[in-house]
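Heads up, the thing below is written out as structure tokens.
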Amino acid sequence: MKHYSAFAVAREALRYHTGWERAWRSPEPKKRYDVVIVGAGGHGLATAYYLGKNYGIQNVAVIEKGWLGGGNTGRNTTIIRSNYLQDPSAAIYEKARALYEDLSQELNYNLMFSPRGVMMLAQTQHEVRGYKRTAHANALQGVKTEWITPERVKELVPIINLHGPRYPVLGALWQERGGTARHDAVAWGYARACSNMGMDIIQKCEVTGVRRENGRVTGVETTKGAIECDKLGIVVAGHSGQLAEMAGFRLPVESLALQALVSEPIKPCMDVVVMANTVHGYMSQSDKGEMVIGGGTDGFNNYTQRGSFHHIEETVRALVETFPMISRLKMLRQWGGIVDMTGDRSPILSKTPLQGCFINCGWGTGGFKSIPGSGWGMAQLMATGHSPLTEAFSLDRFKEGRFIDESVAAGVAH
Amino acid sequence: MSTRLANQGRLIDRSKQVTFTFNGKTMQGYEGDTLASALLANDQMMVGRSFKYHRPRGIVASGAEEPNALVGLGEGSRFEPNQRTTTTELFDGLKAESQNHWPSLEHDIGVVNNYVARFLPSGFYYKTFIHPKPFWKHVYEPIIRQSAGLGKAPDKETRDADTYEHFYAFVDVLVIGGGVAGLQAAKVAAKSGAKVMLIEQTAHWGGRAPVDGGTIDGEPVDKFVEQTVSELEAMDNVTLRLRCMGAGVYDHGYALGYERISDHTPGAQGPRHRLWRIRAKQIVTATGAIERPLSFAGNDVPGVMLASAMRDYVVNWGVTPGERVIVATNNDDAYRTAITLKKAGVDVLRILDARDSAGPLADEARGLGIRVDPGKAIAKVKGGKRVKKVAICNQNGIGGAREEVECDAVAMSGGWSPVVHLWSHCGGKLIWDEANAHFRPDPDRPPLGANGEGFVVAAGSANGPLSLGDVLTDAQAAGAAAAKGAGFKAKAGKAPVGETTAEAPMEAVWLMPANAEVQLRMKSWLDFQNDVKVSDVQLAAREGYESVEHTKRYTTLGMATDQGKLSNINGLAILADSLDAEIPKVGTTTFRPPYTPISMGAIAGEARGEVFQPIRRTPMHDWHDRSGADWEPVGQWRRPYAYVRPGETVHDAVNREVKNTRENLGLLDASTLGKLIVKGPDAGKFLDMMYTNMMSTLKVGKCRYGLMCSENGFLIDDGVVARIDEDTWLCHTTTGGAERIHAHMEEWLQTEWWDWKVYVANVTEQYAQVAVVGPNARKVLEKLGGMDVSREALPFMEWRDGQIGGFDCRAYRISFSGELSYEIAVPASQGQAFWDALMEAGKEFGVMPYGTECLHILRAEKGFIMIGDETDGTVIPQDLGLHWAISKKKEDFLGKRAQERSHMTDPDRWKLVGLETVDGSVLPDGAYAVGEGVNANGQRNMIGRVTSTYYSANLGRGIAMGLVKHGPDRMGEVIEFPGTDGKIYKAKIVDPVFYDKDGEKQNV
Amino acid sequence: MSEPISALNHASYDGIARIEECGLQGMITLRGDLSGKVVIKAVKDATGQKMPGQREAHVDGETGVCWMSPDELLVLVPYAEVEAKLAAMKDALGGVHALAVNVSDARAVFRVSGASAREVLAKVAPVDLSRDAFQPGQIRRSRLAQVAGAFWMDGEDDFRVVCFRSAADYVFKLLKVAAQPGSEVGVY
Amino acid sequence: MLILNCPYCGVDAEETELTAGGEAHIKRHGPGSSDDEFHDYLFMRENPKGVHFERWRHSNGCGKWFHAARCTATLEVFGTYSAQTTEPPKEIREAISAKRPGWKWREFE
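Protein chains in written order, with UniProt numbering: chain A, 1 to 414; chain B, 1 to 1004; chain C, 1 to 188; chain D, 1 to 109.
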């Protein structure tokens, strides 16, 4: 694999960039792999990567129905934060955030991880108490966050309106090392690294069935033929229900449309990520200059990757009120993704009733920020049968009533 | 140079001169000009800088597809970045400034990127800026952010001076696009009796057909347009809107119309934009087609323009972009531009036709003395800030053997692509049309509506046909199909006959010359705004970014503010060629709304300022406001947090209220608490399911505190229930709980126990409710006179109807403070008068109103839980020591089964206790108690947390409640709460009742 | 007893339509079997009106009856008479399973009138307010931007709009914005 | 932006008048049910890409709950019907069969 650097770019420039090789190979599937991962999104690729890197398991195929990184990895608002309330969430999101810090260097692919800071505004007394609680929990969880005053909020976000007629800003929970990264690059960087380890990333290959013998997984049927494997990881977000059905079990998840939008690009005016949960909106500015805005989920099952426009309206009016100067900016593009939601809106990273088959789903709106941590934990679970990172996220927690509910912290889990 | 012609200009009024400024320079235009046409008339060829390389850019198009000519428009509270000059109507006093340069448009430091462009190919940033790590955030990224970003950000304190609104419209057929196809389709549909709405994004009907020429039923196109518009205007079932763009098509026939009401008359009365939310049974997309650029080196130099745009500028606005023009084309239509220019007196030096032969239009051109060169191509356009000359080569070649011709403008035409955006937004599929080398709507795979049938019909050139005759025939059919789809009988009728000069077939030309060498490909632009060139797409393909989505994202092709209207198909073709695949196999990227960017203000609509979100008000709201209320939002309500007197801090006020209520008399506006009437023969049985306690056994005249759980076991609400008569109960809910709990009850009644005879009504707002609290509570009520409120006549936890002070009321003897307390409900329309009466009568008893913080402290002193503080959606009543409120007798209630699950009965669950700091200080909000060691993820083990914490002025110390592991078994133990301030707070576990443990004060 | 005061005490605004708070209106929510003879008679006795069908409003001035759902009516009587009418109604309903409660003070009522009245409402409610779709005699429960509301027409260009009392201030301000000068849409 | 016809008040209500209420025809399991039954009752949901039965409330309208049969892949609506039913009525099932021959949802087809 050709090392990426400014020197390499300069060298290639002299021959008009004709010497670059493929970022990842495009192989036909082999008959058998030790591990097959279904889903070449961020989570699937990261799982494969850490299987190889941490456990030396490199005979791995990652199978993708469409194009790699084409699901929610490439459709989210790129926010990275770990200021979660509950221990298991804080653990996996902080693991992810910490891995993001060095991932560009590790993968030799610039993911543009930018710890520009993430701020969650408190606009009611209830939210103030909730975020102070989170700050206390975070301190004990090893997650660096702090409660900041309205004055500090204004310093960090000059365009904010602290004194809206409806909800004043009473302070915020601030995670200085939260931020954003280039979403596509995360998938591409992992894919390049996986391919370089000899793993096969097989795109445009749809899984049509799961082969089973004596309660154990033995392989998958695909549109490119049958592929045998010892272990199977299902990492397909919104389509988890379909895959689980093929594997003979059911999942407590529902698939909903989640929307986002960007404005036209303008010169830098907001350096941090701001989330305003009382009024339901969040916004950051990308390196291109677009204001990147997240909307809400529809309340009904939906596989169309299109959401309802009134969610866009609700989000935009909240943000126009919070950041009045955006009123005369224009929405450039809106889009939707399919997110899979569980009963407690926290993910499932778990063994399944089918031996050798593992599931990673239910990330809801938290998928992108967790990619490295999720991959790390999932790889550990698949390789060793146990991971402290994933333990609490098991499939059986719903039966026991052992929920991981993040909505309690007044924050919604974006 | 570009200049105003002495003739032509069908859209301008030369008698009305308009003055405007560009980059501070005063210029003149005419009414009817667009900003683009006016800039060209003033020889302003260069109007901006590109996104990445900061290359000089000029106007390339004449409509919504313009990628280059974006400006900052207006100033102050009406400043708007990234405004497209081609769709901006000129008005007197308009102020525009160009974008993305420093210090000026002519001299831009950022252009250094252009000189090193070779080192900045697509995706270079993924391969570089990796080391050293901190440099990305602190060095590289800030530079990239600053150099990207296009338009200027409005000032941070800007408040938009304009208003916006929404409008709901319901029609049978919505026709989007007011060109000849849209007009004809609308007419056909309207004649069937269908209710039709026709919207057009520009200020004029007719689209581009009047510019292109030809006749309809033997008359000039303009005449057809005029006639059809007046016919439509005369029909009652037709609504016509100009300046209203079809922005998006959504599921179930929902479409957005973006009406720019006063962009051309800033400051006019009324809203600036109106966002139409249109429900249509059928939608006709008559959105026309967009001409494609040709990919040759230097195709981005100011002065290179789409051939059709150049024609528009001459015919519509009487402006020519150049005096010596070269035309490059792969089709006959561009000859019309050459002919138009020539007839307007402009020198047309050459027509370079990549094909070997052309149709009759070529003969006409030759007849006018224009030199036509078949098989020729542009090798390169030379010039920096404007076109200087063109190097000509053979189309079949690598670009050698050039002849150079001096000129000042180039018209290019690579063929036409139907505008399929609105067809595609909601899932309409496309097919590849080999003859015209474009994607067009696949009539067999339209977007599907609520009934599973297609609800969008494309019409005219948006559907593929390009000649006037075919366009009208197609529109006729589309109008009829839409009417039929909407349930009307449309008469087939004969389409008007459109006649234009016949055209020879076009030939796809994706690169000019066909085998251009790499140095040329690196200068052949696909996406003008985002600086994506042919070589970039080829690089992406080489590196394995083979999916069209990968290519788009890797190169940023089509991701600029024009969303690839000019670049998508050209880029796609280059990608297909690089992959040696057929274009339809490569597919398109997804078309997403809006068609062109729409203002955030329009999306937000009226919801700003005072009506951003509703603020619910009690009958005494204004009194509170006048009396120093420091407001606290609680749900949609606002409640006074405390009443702050002059000279007091909020904290002082709270302490004063707390002491006064315990010592004298306090009044609380409790109107926000929910009140639900539950009535019927099965009401008792129903409430026994709703509440954890037994409500069916409550005696008439009495009250009982009740807990509600979700089916998942967690506490969701609490409140006092009163039994009104044999089959009627009144249930109090928390503030903001009324609608939620009402809905919760209705859900169970309608969807589970629909055979139970129970009716529920929400009567929350019928009453103003006042809590009269404190040792003097009875005295003030007795002074007002009326109902007997003595201990005997109205004992604790009972209620009575009667009169107090002449007010009809219902008095509840309940207490959330531990004091002698009455909650008195009077009709809302007399709430203020009753409050006034209490304040007046209470003067001698030391009456003071108190707010929510005092309420919280009083209840915390008594160890009463608060929904939302002690509970957070993960707490069950058993955690809070509320076993006494959970019926053991009942077989079933909502949440009962859930509370039997293993984790719910786990003895290690955290339980409610009181917490007293060792030093009397106040525990921090939300602090956690720590145990020994760390867990498997390295996190400190936690053993509890603070749920409520206050300074109690009555006790002179901090008091708190919290949930602690094995808490009730650890009374007296001191545990540690690390604060975020670095301090460790030590607190003793105590009983949660801090004040009047025996409850003597409330029961006097 | 003091003088009862409605939510906005007759506030009014003149824009492209006239918006005025109507003051207090006697209102009774009646839930029961709407096909039952007892209920039909009780309604007739209280209002003189016959039982409305689905989404019908039989209203004459301060008296009338509106269909709210298959088992709910909104009965209108003059404010001063509401207690007496309610008592009579409860008496009449004695034997059947029904619920009648006074909600007069829980609501606010507005009149929106003038040539642009339909357009003003069509800016805030997702309802087809064209003449052929909505006419006097009908009632529509929907939302007014962000709060629940209901409206019927007393005559052409003359709406009565009901919302919760606590939302009266919001609804009034909302209607004022919708009726601002220069905001005629020109379709109805 | 869905439109569903409320079978109670007859209004073609747009989504902003409605509140989605999740899967329809779920049988309640209370005290006495097994852990599995209770778990499935609360959390296990059909999540089909295709025909689905669900609950809606006409919350900004007549306030009634009703059921809808809808396709989650195309958003086509096959019909709406009373919430006071324990299974999809015959005419709704037939309407679906006409459009989606061979459909299946739980035990219904």
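By construction, the Cβ of each residue, glycine as well, lies at the ideal position given by its N, Cα and C atoms.
Take residue i as the anchor and find which of the options has the nearest alpha-carbon.
i, options, result
"B:V772", "B:E765, B:E782 and B:T764", "B:E782"
"A:V35", "A:G281, A:F398 and A:T218", "A:T218"
"A:F300", "D:K27, D:R45 and D:Y8", "D:R45"
"B:P321", "B:S567, B:S524, B:S696 and B:C407", "B:C407"
"B:P594", "B:R445, B:R617, B:L422 and B:G706", "B:L422"
"C:A20", "C:A108, C:V187 and C:D91", "The amino acid at residue 20 of chain C is misidentified as Ala; the sequence shows Glu. For the residues C:A108, C:V187 and C:D91, the minimum Cα distance to C:E20 belongs to C:A108."
"B:D925", "B:G962, B:V934 and B:Q939", "B:G962"
"B:T532", "B:I857, B:E219, B:Q750 and B:N568", "Note that residue 532 of chain B is Val in the sequence shown here, rather than Thr. For B:V532, the nearest C-alpha among the options comes from B:N568."
"B:A313", "B:L40, B:V770 and B:Q282", "Strictly speaking, residue 313 of chain B in this sequence is Tyr, with Ala absent from that position. The shortest C-alpha separation from B:Y313 is found at B:L40."
"B:R243", "B:E233, B:R260 and B:G253", "B:R260"
"A:E146", "A:I348, A:L121 and A:S114", "A:L121"
"B:R277", "B:Q750, B:M197 and B:M848", "B:M197"
At 7 Å on the CB atoms, spell out the chain B contacts of residue i, in chain order.
i, result
"C:Y13", "Near C:Y13 there are no residues of chain B at all, since even the closest Cβ is about 13 Å away, more than 7 Å."
"C:S35", "None at all; the shortest Cβ gap to chain B is about 16 Å."
"D:V77", "A450"
On the CB-based measure, 16 or more other CB atoms within 10 Å of its CB, does residue i come out buried or exposed?
i, result
"B:Y115", "exposed"
"B:K888", "exposed"
"A:N214", "exposed"
"A:A410", "Note that A:A410 has pLDDT 44, beneath the 50 cutoff, so the model's placement of it is unreliable and no number is given."
Taking residue i as the query, report the chain D residues whose CB atoms sit under 7 Å from its CB, ordered along the chain.
i, result
"C:M68", "C62"
"A:F398", "H39 and F43"
"C:P126", "E14, T16 and E17"
Name, please, each residue of chain A whose Cβ falls closer than 8 Å to the Cβ of residue i.
i, result
"B:K152", "I266 and K267"
List the residues of chain C that residue i touches, going by C-beta distances under 7 Å, in chain order.
i, result
"B:H166", "K123"
Do the CB positions of residue i and residue j come within less than 7 Å of each other?
i, j, result
"B:L468", "B:G498", "yes"
"A:I326", "A:V320", "yes"
"B:K675", "B:V763", "yes"
"residue 1008 of chain B", "A:L173", "Limits of chain B in this structure are 1 at one end and 1004 at the other, which puts residue 1008 of chain B out of reach."
"C:A17", "C:V120", "yes"
Can you name the residues of chain D whose CB is closer than 8 Å to the CB of residue i?
i, result
"A:K330", "Simply none; closest approach about 21 Å."
Residues of chain A with a CB under 9 Å from the CB of residue i: which are they?
i, result
"D:A24", "What D:A24 touches in chain A: nothing, since even the nearest Cβ is about 12 Å away."
Could you list which residues in chain A have their beta carbon closer than 7 Å to that of residue i, in chain order?
i, result
"B:H131", "Q105"
Mind listing the chain B neighbours of residue i? Cutoff is C-beta to C-beta under 8 Å, in chain order.
i, result
"A:L140", "Y928, V930, Q939, R940, M942 and P978"
Handout entry: Residues of the segment 159 to 174 of chain C with Cβ closer than 7 Å to any Cβ of chain B, in chain order
Key = Answer in chain order: F164, R165, S166, A167, D169, Y170, K173 and L174.
Handout entry: Contact list for the segment 88 to 107 of chain D against chain A, Cβ threshold 9 Å
Key = none
Exercise for the section: Name, going along the chain, the residues of the segment 290 to 312 of chain A whose beta-carbon falls closer than 8 Å to a beta-carbon of chain D. Expected result: Per Cβ criterion, the list reads D298, G299, F300, N301, N302, Y303, T304, S308, F309 and H310.
Problem - Contact list for the segment 137 to 155 of chain C against chain D, Cβ threshold 7 Å - result: R141, S142, R143 and A148
Exercise for the section: Check each residue of the segment 676 to 697 of chain B: if its Cβ is closer than 7 Å to any Cβ of chain C, include it; give the result in chain order. Expected result: I677, K679, G680 and P681
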